[in-house]
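Engineer: Have a look at this one.
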Amino acid sequence: MAEKINVALIGYQFMGRTHSNAYRQLRHFFDPPLLPQMEVIVGRNEAAVSATAHKLGWRSYATDWQQVLKRDDIGIVDISSPGNTHYPIAMAAAAAGKHIICEKPLANTLDQAIEMAEAAEKAGVRTLTNFNYRFVPAVQLAKRFIDEGRLGEIRHYRGIYLQDWIIDPDFPLVWRLRKELSGSGALGDIAAHNIDLARYLVGDLEEVSAADKTFIKERPLPDSSEGAWGATGKGPRGEVTVDDAVIVIGRFKNGALGTFEATRFAAGRRNYNAFEINGSRGSISFNLERLNELEYFCLDDPEFAQGFRTINVSGGAFGDYAAAWWPAGHIIGYEHTFVHSVLEFVTAIAEKREAVPSFREGARTQATLEAVARSAASRKWESIPQL
Ligand code: SOE
363 MAEKINVALI
373 GYQFMGRTHS
383 NAYRQLRHFF
393 DPPLLPQMEV
403 IVGRNEAAVS
413 ATAHKLGWRS
423 YATDWQQVLK
433 RDDIGIVDIS
443 SPGNTHYPIA
453 MAAAAAGKHI
463 ICEKPLANTL
473 DQAIEMAEAA
483 EKAGVRTLTN
493 FNYRFVPAVQ
503 LAKRFIDEGR
513 LGEIRHYRGI
523 YLQDWIIDPD
533 FPLVWRLRKE
543 LSGSGALGDI
553 AAHNIDLARY
563 LVGDLEEVSA
573 ADKTFIKERP
583 LPDSSEGAWG
593 ATGKGPRGEV
603 TVDDAVIVIG
613 RFKNGALGTF
623 EATRFAAGRR
633 NYNAFEINGS
643 RGSISFNLER
653 LNELEYFCLD
663 DPEFAQGFRT
673 INVSGGAFGD
683 YAAAWWPAGH
693 IIGYEHTFVH
703 SVLEFVTAIA
713 EKREAVPSFR
723 EGARTQATLE
733 AVARSAASRK
743 WESIPQL
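Be aware that the sequence shown starts at 363, since it is given in this note's numbering, and climbs by one per residue.
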């Protein structure tokens, strides 16, 4: 029987739910070397967090994360709360010797992200920045194709992440639209995924040039003082202090060119996270809204048989993550990516190795995000510090 490790989850909204589901499902489908126990879920609103604890299957709840970090029986701290809370919680968790999993982007500034990575490294605790889309089996197949050289030399990475959930000008001023809470808008929320996937699949970028835009400058204040998602309203309005959309061109260190576009104003695109990669021998294309599929074109096929083919990435042929679920063709979804990232994290803890992507990796992506923000402000190319 594998050893157990108690988890304290901070945050109980969207990400709190995805992480809870991951901890719950993990041992039903995998054999992790360390078994996470859903010990305590933490949130400021007692009525809401106690109801959520019960619903999501946590043994207990608490309203003060600082008290929870003092507990010797907690081994993992999971930070699934808004961006401005990542830094103070992670710094305190590292000081308390806890392993830390943190939602993306890692921090609201590059300086904070670097400090978090260094504090954890110094404390000898394991970390994971939860860029969950790395853990889609089709994305892992894309990585395998690239690493095996099937695409040849990589020339282009074209990433787009399109959503439309704030297109209504009366959608409230939630925390993601306030810089002091979220750090940035579409940039940190969704371009961060684009850029992390590009770094994972193609490598680090060295410089970027970017433009951003805030289309709706004021929005109704939300019902809740905590800045949670409230009803669309017509009451007093507050200023939107982040970007609504961002476009980027970039150069990778290995010579490839990249383009990135992220917006929450693409009507009809709900969570359209897609990329295409072109190499000297072929191409691949992925779209999260069809996440079990990878499109592949190969110039090594005989000319009369050339064309994009759609590979259904499910079942035993596609690595441990896909194999653990259902037989081929019996597809998986969004929530499974979180189970895989939790598996990577507890396995790394048990094996006493760095989890991937660690806080250091999260800080590298943050360095790119910050260069994008700098470029959008300066209207010049900006270089990316290599960490
Ligand atoms: C909201 O835009 C959001 O939940 C992001 O925060 C996630 O990172 C993304 O995976 C889905 O959309």
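The beta carbon of each residue, even a glycine, is placed where N, CA and C say it ideally should be.
Any idea if LYS366 is buried or exposed, counting beta-carbon neighbours within 10 angstroms, 16 or more meaning buried?
Structural biologist: Its Cβ having fewer than 16 others within 10 Å, LYS366 is exposed.
Engineer: Just the C-alpha distance for THR625 and ALA370, rounded to the nearest angstrom, thanks.
Structural biologist: If you take the alpha carbons of THR625 and ALA370, they lie about 33 Å apart.
Engineer: First and last residue of the alpha helix (DSSP H) that includes ALA554?
Structural biologist: Note, ALA554: alpha helix (DSSP H), 554 to 563.
Engineer: By the 10 Å Cβ neighbour count, where 16 or more other Cβ atoms means buried, how is ARG506 classified, buried or exposed?
Structural biologist: Result: exposed.
Engineer: When burial is assigned at 16 or more other CB atoms within 10 Å of the CB, is THR699 buried or exposed?
Structural biologist: Buried: at least 16 other Cβ atoms inside 10 Å.
Engineer: Measuring alpha carbon to alpha carbon, tell me which residue in LYS742, ASN633, PHE614, GLY644 is nearest GLN748.
Structural biologist: Of the listed residues, the one whose Cα sits closest to GLN748 is PHE614.
Engineer: For LYS417, count neighbouring Cβ atoms within 10 angstroms of its own Cβ and tell me buried if that reaches 16, exposed if not.
Structural biologist: It is exposed - the Cβ of LYS417 has fewer than 16 other Cβ atoms within 10 Å.
Engineer: What did DSSP end up calling PHE622 once you bin it into helix, strand or coil?
Structural biologist: Three-state DSSP puts PHE622 in a strand.
Engineer: Please determine if the segment 627 to 634 and the segment 649 to 661 are in contact, where contact requires at least 3 C-beta pairs separated by less than 8 Å.
Structural biologist: These segments touch.
Engineer: Would you call the segment 728 to 737 and the segment 700 to 715 touching, i.e. three or more CB-CB distances under 8 Å?
Structural biologist: At 8 Å Cβ cutoff, the stretches do not touch.
Engineer: State the DSSP-derived secondary structure class of GLY644, mapped to helix, strand or coil.
Structural biologist: Looking at GLY644 - three-state DSSP - the assignment turns out to be strand.
Engineer: Let me check one thing: in DSSP terms, what residues is GLN399 bridge-paired to?
Structural biologist: Partner(s): ASN368.
Engineer: Just list the beta strand (DSSP E) runs in the segment 594 to 619, keeping only unbroken ones of 3 residues or longer that don't cross its boundaries, in chain order.
Structural biologist: Complete beta strand (DSSP E) runs here, min 3: 599 to 601, 607 to 614.
Engineer: Grouping DSSP H, G and I as helix and E and B as strand, with all else coil, what is LYS575?
Structural biologist: Of the three classes helix, strand and coil, the one that applies to LYS575 here is strand, per DSSP.
Engineer: Please classify ILE746 as buried or exposed, where buried requires at least 16 other C-beta atoms within 10 Å of its C-beta.
Structural biologist: With 16 or more Cβ atoms within 10 Å of its Cβ, ILE746 is classed as buried.
Engineer: In terms of residues, what are the limits of the alpha helix (DSSP H) holding ASP473?
Structural biologist: 472 to 485 is the extent of the alpha helix (DSSP H) around ASP473.
Engineer: In angstroms, rounded to a whole number, what distance separates the CA positions of ALA455 and LEU661?
Structural biologist: Spanning the two alpha carbons is a distance of roughly 50 Å.
Engineer: Note the first and the last residue of the continuous beta strand (DSSP E) segment covering HIS461.
Structural biologist: 461 to 465 is the span of the beta strand (DSSP E), which, as asked, contains HIS461.
Engineer: Evaluate GLN428 with the Cβ neighbour count: other Cβ atoms within 10 Å of its Cβ, from every protein chain shown; 16 or more gives buried, anything less gives exposed.
Structural biologist: Exposed, because fewer than 16 other Cβ atoms sit within 10 Å of the Cβ of GLN428.
Engineer: Looking at the strands, I want to know which residues DSSP matches up with ILE516.
Structural biologist: Answer by DSSP bridge pairing, in chain order: GLY641.
Engineer: List, from N- to C-terminal side, the alpha helix (DSSP H) runs of 4 residues or more that fit wholly inside the segment 685 to 742.
Structural biologist: Counting whole runs of 4 or more residues, the segment 685 to 742 contains the alpha helix (DSSP H) stretches 696 to 713, 721 to 740.
Engineer: Here's a check: name, in chain order, each residue in its chain whose Cβ is nearer than 7 Å to the Cβ of TYR385, leaving out the five neighbours to either side.
Structural biologist: Answer for TYR385: VAL369, PRO398, MET400, VAL704, listed in chain order.
Engineer: For TRP537, does the count of other Cβ atoms within 10 angstroms reach 16, so buried, or fall short, so exposed?
Structural biologist: When all chains shown are included, TRP537 counts as buried.
Engineer: Tell me, please, which residues DSSP counts as bridged to ARG581.
Structural biologist: Answer is GLY600.
Engineer: From GLU515 to ILE522, what distance separates their C-alpha atoms?
Structural biologist: Rounded to the nearest angstrom, the two C-alpha atoms are 22 Å apart.
Engineer: From the DSSP secondary-structure annotation, give me the bridge partner or partners of LEU524.
Structural biologist: Paired residue(s): THR625, TYR634.
Engineer: Cβ of HIS416 versus every heavy atom of the ligand SOE: is any distance shorter than 8 Å?
Structural biologist: Not under cutoff, so the answer is no.
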